[in-house]
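Chemist: In terms of full-length UniProt numbering, the sequence shown is residues 1 to 474. Positions of the beta carbon are idealized from the N, C-alpha and C atoms, including for glycine.
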Amino acid sequence: MAAPANVAKAKGDALWDAAKEGNTAQASRLLDAGAPLDWKNAAMDGATALVAAASGGHKDTVELLVDRGADLEAKDGGGDTALVAAAFGGHKDTVELLLDRGADLEAKHRDGYTALVRAARDGHKDTVELLLDRGADLEAKDRDGYTSLVAAAFGGHKDTVELLLDRGANLEAKDEDGATALVRAARDGHKDTVELLLDRGANLEAKDEECATALVRAARDGHKDMAELLLDRGADLEAKDEDGATALVRAARDGHKDMAELLLDRGADLEAKDEDGATALVRAARDGHKDMAELLLDRGADLEAKDEYGATALFLAASRDCKDLVELLLDRGADLEVKPRYGASALFLAASRDHKDTVELLLDRGADLEVKDYDGATALVRAAYRDYKDMVELLLDRGANLEAKDEDGATALVRAAYRDYKDMVELLLDRGANLEAKDEGGATALVRAAQDDLKDLVELLLDRGADLEAKDKV
1 MAAPANVAKA KGDALWDAAK EGNTAQASRL LDAGAPLDWK NAAMDGATAL
51 VAAASGGHKD TVELLVDRGA DLEAKDGGGD TALVAAAFGG HKDTVELLLD
101 RGADLEAKHR DGYTALVRAA RDGHKDTVEL LLDRGADLEA KDRDGYTSLV
151 AAAFGGHKDT VELLLDRGAN LEAKDEDGAT ALVRAARDGH KDTVELLLDR
201 GANLEAKDEE CATALVRAAR DGHKDMAELL LDRGADLEAK DEDGATALVR
251 AARDGHKDMA ELLLDRGADL EAKDEDGATA LVRAARDGHK DMAELLLDRG
301 ADLEAKDEYG ATALFLAASR DCKDLVELLL DRGADLEVKP RYGASALFLA
351 ASRDHKDTVE LLLDRGADLE VKDYDGATAL VRAAYRDYKD MVELLLDRGA
401 NLEAKDEDGA TALVRAAYRD YKDMVELLLD RGANLEAKDE GGATALVRAA
451 QDDLKDLVEL LLDRGADLEA KDKV
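(1) According to DSSP, is residue 23 helix, strand or coil?
(2) Kindly give me the distance between the Cβ atoms of residue 454 and residue 433, rounded to whole angstroms, as I take these residues to be in contact under 8 Å.
(3) Go ahead and pull the three-state DSSP assignment for residue 276.
(4) May I ask you to report which of helix, strand or coil DSSP gives residue 343?
(5) With a threshold of 8 Å on Cβ separation, who are the neighbours of residue 130 within its own chain once the five nearest residues in sequence on each side are excluded?
(6) Exposed or buried, which one is residue 7 when buried takes at least 16 other CB atoms within 10 Å?
(7) Please give the ranges of any alpha helix (DSSP H) in the UniProt repeat "ANK" (243-275), keeping only runs that are unbroken, at least 4 residues long and fully inside the region.
(8) Classify residue 283 as buried or exposed, calling it buried when 16 or more other Cβ atoms lie within 10 Å of its own Cβ.
(9) Beta-carbon separation of residue 232 and residue 257 under 8 Å?
(10) How about residue 358 and residue 381: are their beta carbons less than 8 Å apart?
(11) Return yes when the Cβ of residue 120 is within less than 8 Å of the Cβ of residue 81, no when it is not.
(12) State the beta-bridge partners of residue 41 as determined by DSSP.
(13) For residue 76, does the three-state DSSP call read helix, strand or coil?
(14) If you follow the alpha helix (DSSP H) that residue 129 is in, where does it begin and where does it stop?
(15) Taking the alpha carbon of residue 77 as the point to measure from, which residue in 54, 457, 109 has its own alpha carbon closest?
(16) Give every residue of the same chain whose Cβ lies closer than 6 Å to the Cβ of residue 160, excluding the five residues on either side of it in the sequence, and list them in chain order.
(17) Assign residue 430 to one of three DSSP states: helix, strand, or coil.
(18) Considering only their Cβ atoms, is the gap separating residue 112 from residue 137 smaller than 8 Å?
(19) May I ask you to report which of helix, strand or coil DSSP gives residue 1?
(20) Roughly how far, in whole angstroms, is the beta-carbon of residue 277 from the beta-carbon of residue 307, given that I think they are within contact range, below 8 Å?
(21) Taking the alpha-carbon positions, what's the residue 69 to residue 146 distance?
(22) Output yes or no for whether 8 Å exceeds the beta carbon distance between residue 105 and residue 74.
(23) On the CB-based measure, 16 or more other CB atoms within 10 Å of its CB, does residue 15 come out buried or exposed?
(24) Kindly indicate which residue of 386, 399, 139, 427 has the alpha-carbon position closest to the one of residue 418.
(25) Near residue 1, what residues of its chain come up, given a Cβ to Cβ distance below 6 Å and the 5 sequence neighbours on each side ignored?
(26) Is residue 373 helix, strand or coil when you go by DSSP?
(27) Please classify residue 114: does DSSP put it in a helix, a strand, or coil?
(28) I need the straight-line Cα distance from residue 54 to residue 37, nearest angstrom please.
(29) Less than 8 Å separating the beta-carbons of residue 171 and residue 186?
(30) If you follow the alpha helix (DSSP H) that residue 193 is in, where does it begin and where does it stop?
(31) What is the C-beta distance between residue 375 and residue 327, in whole angstroms, given that I count them as a contact (C-beta under 8 Å)?
(32) Can you give me the Cβ contacts of residue 395 inside the same chain, cut-off strictly under 7 Å, excluding the 5 residues immediately before and after it?
(33) Which stretch, first to last residue, makes up the alpha helix (DSSP H) that contains residue 232?
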């Protein structure tokens, strides 16, 4: 008669614990006492005792369980068989035993990797060699498209890579991201592995799915020694990724100054542009990399280069509130009033984003307070609309026109009233704003506030003397 479920569970879990610890004698006693051989431990992802013993490399315990008839192909919740689990841990002797007993060499984990791919990824060279000797598929791929070679290169396991190449692994096999072993190794900074792959004839200009070569990847991740090696081997300095960025543009964008210096020393084009029309300087400025911008300027970068939207380095630095970078660009002679395609200036953009220190610097350098954007708004009107009280005060202190109007005819006061910014309205009135200024629809601040039933604001405006009889054009 079958043991009650709770008894079977207790015995099965005890067997699992003994197997996990490699306690062969205890496992034997438990089996003799009726412990279920292929019990799956729910608390341990459904692993059987055999998988548990194999993952720990407990060969004697594995042998006992197999001798007693354990299911060689039982999988845990992740899809590990005993063989895959043993290979994962680099337990060569256990792998050998399981293979001798008939374990499936090509069994796959839930993520698609075989014992060979898993062992290669972790650099278990002896285990890899054994699996190859037994006929493992060199080109089997996991869910990410990694072959054993790509997996080993990804991990930087040079000796394992060498073994796989000696056995005939495809040097140009690509993973799901289109990366070859060379691109993977370069991306992760494994110089010795890259050197080996190049010695074996790897394609220097192979590209992943983002069209990035090994050099572009190395530049992107700041692996200077790697880039130097690739350049020494003849890598194309001007190769572009899917965004049209060269290695220099990528290095500049990510602030890798030493990398940029190397690339420039090797002759990289300072004015190469990505698909957005941005040069290395423009990208460096957009991301706030002052030291990078300084290097590029010292090397002769065009200070007024524009991206496809017409934005210069100064404009983009101001938008990010990078005051030190803005100061550098101004010291080098950047045009204060250059406008991108959508209007505005560096000052306008900084004000519209509440970057007070940057605005103050730009004003000190003579920026035009009354520049308008494509909506006809000045910096003051935009700051009022966004309720940037300190910014509005600064702009007014510097002489901004209180009555400037946007394309809808709205002054800063009318815009603040639209938005129910009571404190802003009060500030503007204290500074002398025209209470009866009208927008294109003929509405005053009071009319707009009343239309939107903004009672507190209506009360404030009336207290300040707003005309109760004012009417809009409707």
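Modeler: Concretely, from the data shown:
(1) Taken through DSSP and simplified to helix, strand or coil, residue 23 comes out as coil.
(2) About 17 Å separates the CB atoms of residue 454 and residue 433; that is not less than 8 Å, and the two are not in contact.
(3) In the three-state scheme derived from DSSP, where H, G and I count as helix and E and B as strand, residue 276 is classed as coil.
(4) Collapsing the DSSP output to three states places residue 343 in a strand.
(5) The answer, listed in chain order, is 92, 95, 96, 99.
(6) Burial call: exposed.
(7) Complete alpha helix (DSSP H) runs here, min 4: 247-253, 257-265.
(8) With 16 or more other Cβ atoms within 10 Å, it is buried.
(9) The answer is no: Cβ separation not under 8 Å.
(10) Against a cut-off of 8 Å, the Cβ pair of residue 381 and residue 358 comes out as no contact.
(11) No, the pair does not count as a contact, with Cβ atoms beyond the cut-off.
(12) In DSSP, residue 41 forms a bridge with 47.
(13) Secondary structure at residue 76: coil, using DSSP grouped into helix, strand and coil.
(14) From DSSP, the alpha helix (DSSP H) with residue 129 extends over 125-133.
(15) Nearest of 54, 457, 109 to residue 77, Cα basis: 109.
(16) Short of 6 Å from the beta carbon of residue 160, and not among the five residues preceding or following it, lie these beta carbons of its own chain, in chain order: 120, 123, 125, 128, 152.
(17) Here residue 430 carries a helix assignment [DSSP, helix/strand/coil].
(18) Cβ distance not < 8 Å, so residue 137 and residue 112 don't count as in contact.
(19) The pLDDT assigned to residue 1 is 40, lower than 50, so where the model puts this residue is not dependable, and the model offers no usable value.
(20) That belief holds up - the Cβ atoms of residue 277 and residue 307 are roughly 4 Å apart, short of 8 Å.
(21) Rounded to whole angstroms, residue 69 and residue 146 show a C-alpha spacing of 34 Å.
(22) Going by C-beta atoms, residue 105 is not nearer than 8 Å to residue 74.
(23) Buried, by the Cβ-count rule.
(24) Residue 418 has its Cα closest to that of 386, out of 386, 399, 139, 427.
(25) Low per-residue confidence applies at residue 1: pLDDT is 40, beneath 50, and the placement is therefore not dependable, though the value from the model is reported in the following sentence. Closer than 6 Å at Cβ, skipping near neighbours: no residue.
(26) Look at residue 373 here: in three-state DSSP terms it is strand.
(27) In the three-state reduction of the DSSP assignment, residue 114 falls in the coil class.
(28) The alpha-carbon separation between residue 54 and residue 37 amounts to approximately 14 Å.
(29) In this structure, residue 186 does not lie closer than 8 Å to residue 171 by Cβ.
(30) Taken as a continuous stretch (DSSP letters only), the alpha helix (DSSP H) holding residue 193 covers 191-199.
(31) 29 Å between Cβ atoms; not a contact.
(32) Here the set comprises 351, 369, 379, 380, 383.
(33) Per DSSP, residue 232 belongs to the alpha helix (DSSP H) from 224-232.
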